[in-house]
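Asks: The structure's right below; bear with me while I get my questions together.
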Amino acid sequence: MRQVLIDANVFVSFLVERNEEQRAAAKALIDAAGDGELEGFVTQFAVFEVTYVLQSYYSMPTPRVAALIRDLIALPGVTAIDDCPWKKVFEYWPEQLPGFADAASVAVARANHYDAIATFDQKMIKRMKSIGVESYW
């Protein structure tokens, strides 16, 4: 079964109405995980990022964000993980991947032998491809 690390921006697009095309793609991915067509994974730092974005950029009240985060980490077919191979992060950051969270995501995906990373960040996708990491889309 295909294993996919899901980036924070996918969950944000799923939870808020900022881009309908991205929201539909995020929903399809999350539905596929729930239907057992793939295994989805979310890192703890992606959960932190989603929380920050919802509160800071979208001004969601904390109780609403808390409910959404509880639901996010309980999604069927999506496993919340809290391990990070820190030495591997520094193999990618800052030279190959200037974003620290992006480097951490790639390190987690590589260490766990995931098949792809689902992200809407086009710059990240380009950099991932240059180091041999597959994008879900």
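Counting in my numbering, the sequence shown runs from 753 upward without gaps.
The C-beta atom is built at its ideal place from N, Cα and C for all residues, glycine as well.
Note that the structure is a prediction, hence the values are computed from the model and not measured.
For a quick check, are the C-beta atoms of Leu790 and Val756 less than 8 angstroms apart?
Replies: Result yes, Cβ atoms of Leu790 and Val756 sit closer than 8 angstroms.
Asks: So does the stretch 813-832 actually touch the stretch 846-861, counting three or more Cβ pairs closer than 8 angstroms?
Replies: Not touching, per the Cβ criterion.
Asks: Counting Cβ pairs closer than 8 angstroms, one from the stretch 771-781 and one from the stretch 810-819, do we hit at least three?
Replies: Contact fails: fewer than three Cβ-Cβ distances are below 8 angstroms.
Asks: Go to Ala826, then tell me how far its alpha helix (DSSP H) extends in each direction, as first and last residue.
Replies: Where Ala826 is concerned, there is no enclosing alpha helix (DSSP H), given that its DSSP letter is neither H nor E.
Asks: Please state whether DSSP places Gln848 in a helix, a strand or coil.
Replies: Gln848 falls in the coil class under three-state DSSP.
Asks: Could you give the distance in angstroms between the alpha-carbon of Ser887 and the alpha-carbon of Ile821?
Replies: Each residue's Cα considered, the two are about 24 angstroms apart.
Asks: How would you label Asp854, buried or exposed, when you count the other beta carbons within 10 angstroms and need 16 or more for buried?
Replies: Asp854 should be labelled buried.
Asks: Within 10 Å of its beta-carbon, does Asp823 have 16 or more other beta-carbons around it, so buried, or fewer, so exposed?
Replies: The residue is exposed, with fewer than 16 neighbouring Cβ atoms inside 10 Å.
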